[in-house]
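*Asks:* So the sequence shown is numbered by the working numbering: it starts at 70 and just counts up by one. Backbone N, C-alpha and C define an ideal beta-carbon position, used for all residues, glycine too. These numbers come from a predicted model, not from an experiment. I'd like to ask you about the structure that follows.
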Amino acid sequence: MSLLSVVDKSEKKVLLITGALLVLFIFSILIARSRYNDAPECLPYDKAYENPKVTQLDDKTYQVYAVAQMWQFQPSEIYVPVGSEVDFYVTSKDVVHGFNIPQKNVNLMAVYGNINKVTVKFDKPGVYPITCHEYCGVGHQNMQAQVIVNDPAAAPRASVQ
Ligand code: CUA
């Protein structure tokens, strides 16, 4: 007598549905992994990352050391040309902060003593806000920065008189 023959009919149905869902979930995770292979990574801590800076590696590649602290991001404005690929190295100088670029699906925590790295490609010109989305104290709602993506090929705007 097999084990399944003693299982009630309705339980078999539940087992079957559960098994199908499990396969579906695993399959979706595999698809998501292959499609979004720019997942963030954790790097070994180094004090150097606590000094905010923007470094240009070549004409389309930038490195940003983004430092969160109560209640600001540094650098607060990051200028890159359109088509740039930017590596963000994110850390905090005090409590846990968030590092969120909603338009680019970036959602990281900025944690003291930790470096989180994510690579973002900016294909379209515009202003991309960075916000703190982890509650970090009374100034939390003021923690904002922005990535300004310029199109050098576009004609400069005439000044408004
Ligand atoms: Cu920093 Cu909220």
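For L177 and H166, what's the separation of their Cα atoms in angstroms?
*Replies:* Numbered from its first residue, the sequence shown carries residue 177 at position 108. Numbered from its first residue, the sequence shown carries residue 166 at position 97. Roughly 9 Å between the two C-alpha positions.
*Asks:* Do the segment 126-144 and the segment 91-105 touch if we need at least three Cβ pairs shorter than 8 Å?
*Replies:* The segment 126-144 is not in contact with the segment 91-105.
*Asks:* Is it right to say C205 is buried, meaning 16 or more other beta carbons lie within 10 angstroms of its own, or is it exposed?
*Replies:* In the sequence shown, residue 205 corresponds to position 136, counting from 1. Label assigned to C205: buried.
*Asks:* As a quick exercise: from Q215, E110, I100 and T124, pick the residue whose alpha carbon is nearest that of T160.
*Replies:* Locating residue 160 in the sequence shown gives position 91, where the first residue counts as 1. Comparing Cα-Cα distances from T160 to each of Q215, E110, I100 and T124, the minimum goes to E110.
*Asks:* Quick check for students: name the residue ranges of the beta strand (DSSP E) that lie wholly in the segment 139-167, counting only runs of 3 or more.
*Replies:* Complete beta strand (DSSP E) runs here, min 3: 141-143, 146-150 and 153-161.
*Asks:* Could you pull the DSSP bridge partners for N169 from this structure?
*Replies:* On the sequence shown, residue 169 is found 100 positions in, with the first residue counted as 1. N176 and T200.
*Asks:* Just to confirm, are K190 and E146 a CB contact at a threshold of 8 Å?
*Replies:* Working through the sequence shown from its first residue, we reach residue 190 at position 121. Working through the sequence shown from its first residue, we reach residue 146 at position 77. Taking 8 Å as the Cβ cut-off, K190 and E146 do not qualify as a contacting pair.
*Asks:* Quickly, what does DSSP pair K190 with across the bridge? List them, please.
*Replies:* Mapped onto the sequence shown, residue 190 falls at position 121. Its beta-bridge partners are E154.
*Asks:* Residues near the ligand CUA, CB to any non-hydrogen atom under 5 Å, in chain order?
*Replies:* In chain order, the hits are H166, C201, C205, H209 and M212.
*Asks:* For the beta strand (DSSP E) containing A214, list its first residue and its last residue.
*Replies:* The sequence position of residue 214 within the sequence shown is 145, counting from 1. It spans Q213 to N219 - the beta strand (DSSP E) in which A214 sits, taken as one unbroken run.
*Asks:* Could you say which of N174, T188 and D163 lies nearest to H209 if we only look at CA atoms?
*Replies:* As a first step, residue 209 must be located in the sequence shown, where it is residue number 140. Taking only the C-alpha atoms, the option nearest H209 is D163.
*Asks:* Name the residue from A117, I184, V218 and N185 whose alpha carbon lies nearest to the alpha carbon of V196.
*Replies:* Against the sequence shown, residue 196 aligns to sequence position 127. Residue V218 is the option with its Cα nearest to V196.
*Asks:* Alpha carbon to alpha carbon, how far is T200 from M212? Give it in angstroms, no decimals.
*Replies:* Position 143 of the sequence shown, counting from 1, holds the residue named residue 212. Position 131 of the sequence shown, counting from 1, holds the residue named residue 200. Distance between the alpha carbons of M212 and T200: 6 Å.
*Asks:* Let me check understanding here. Comparing Cα to Cα, which of F168, D128 and P171 lies closest to P150?
*Replies:* Within the sequence shown, the letter at position 81 stands for residue 150. Comparing Cα positions, the closest option is D128.
*Asks:* Which same chain residues end up closer than 8 Å to N120 when comparing Cβ atoms and leaving out the 5 residues on each side of it in sequence?
*Replies:* The sequence position of residue 120 within the sequence shown is 51, counting from 1. Hits under 8 Å: Y134 and V136.
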